[in-house]
Structure formats: C-alpha cells, structure tokens
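For the sequence shown, counting from 1, position 30 maps to 30 in full-length UniProt numbering; every step adds exactly one.
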Amino acid sequence: MEVIHKIGRRKTAVARVYVAPGKGDITVNKKDVADYFTTATLQYKVKQPLAMTNNDSNFDITVNVYGGGITGQAEAVRLAISRALCEVDAENRSILKPEGLLTRDPRMVERKKFGQKKARKKFQFSKR
1 MEVIHKIGRR KTAVARVYVA PGKGDITVNK KDVADYFTTA TLQYKVKQPL AMTNNDSNFD
61 ITVNVYGGGI TGQAEAVRLA ISRALCEVDA ENRSILKPEG LLTRDPRMVE RKKFGQKKAR
121 KKFQFSKR
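Next comes the structure, spelled out in structure tokens:
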C-alpha cells in the first residue's frame, strides 16, 4: 500500500491527511497530536475513526491543517482520516457511515449584512 492522500473540511478549516502503513504515529503540522490538540476531547475526535475500525496502531498519519479554529480543525482531520480509511478497506465504510463520520458538516458562518449590527441582529430602533 502506498501513501493515501485525502482532504477534510469543516467551517473554514482544511485538513490534508497522508496515511501510510506504520505503527500508529499521528503528526499534525510537524507536532505530535497530543501537543497540537491539547484537550482530551479534541484528541478523541481525531482518533475516533481509527478506534472504531480497530486501526489504532496500523497506520502512520501525517496531517497538514490550516484555517478556522482548533475544534473545526480537529473535525476536519477526523473527516479526512475517515475518508482515507474507507479507501484502505471498503468494509470500514459500513462502520463509519452510521456514526456520521463520512458526512461533511455544511454549516458555515453567515455573513454580516450592511445596515445591520451582525448577520441577523439589527440596530436598536429608538422612538424619541
């Protein structure tokens, strides 16, 4: 098996993932996954597709991620890893799909409109 390259997105975060056979190392932007994603929740999100398919120590994963916030980046990485695992073995799709790990979350920030305070909030109307 050669290196598999997949892309995952969430909000404005974009993650490029390279999956190669190995012993389970995950590197994010040239840092260890525990150093980049400091909270246990974010680390769980990144490792979730590997744990569900029992591939925790089968692949070395290199990630380049940019844009968005730390949570959006973690979810973008999760989507990219899930897509790569489906390419490794087609049976993984039936495990990951019901959990929603192969679904791109389409929610984005709504733009601010002119003449308004925010996207939907209006300026207060005062009658004097």
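Just so you know, even glycine gets a beta-carbon here, dropped at the ideal spot from N, CA and C.
Residue 146: first and last residue of the uninterrupted alpha helix (DSSP H) it sits in = For residue 146 there is no data in the structure shown, the boundaries of the chain being 1 and 128.
Are the CB atoms of G72 and A20 nearer to each other than 7 Å?
-> no
Mark Y36 as exposed unless 16 or more other C-beta atoms lie within 10 angstroms of its C-beta, in which case mark it buried.
-> buried
S57 versus K23 - alpha carbon distance = 5 Å
Under the three-state reduction of DSSP, which class applies to V3: helix, strand or coil?
-> coil
Same chain, Cβ closer than 8 Å to K47, neighbours up to 5 away in sequence not counted = I26, V33, D56
Which residues bound the alpha helix (DSSP H) around D35?
-> 33 to 36
For A40, which option in R16, I70, V3 has the closest C-alpha, if you only look at C-alpha atoms?
-> I70
Rank F114, L79, A90 by C-alpha distance to the C-alpha of K6 and give the top, closest one.
-> L79
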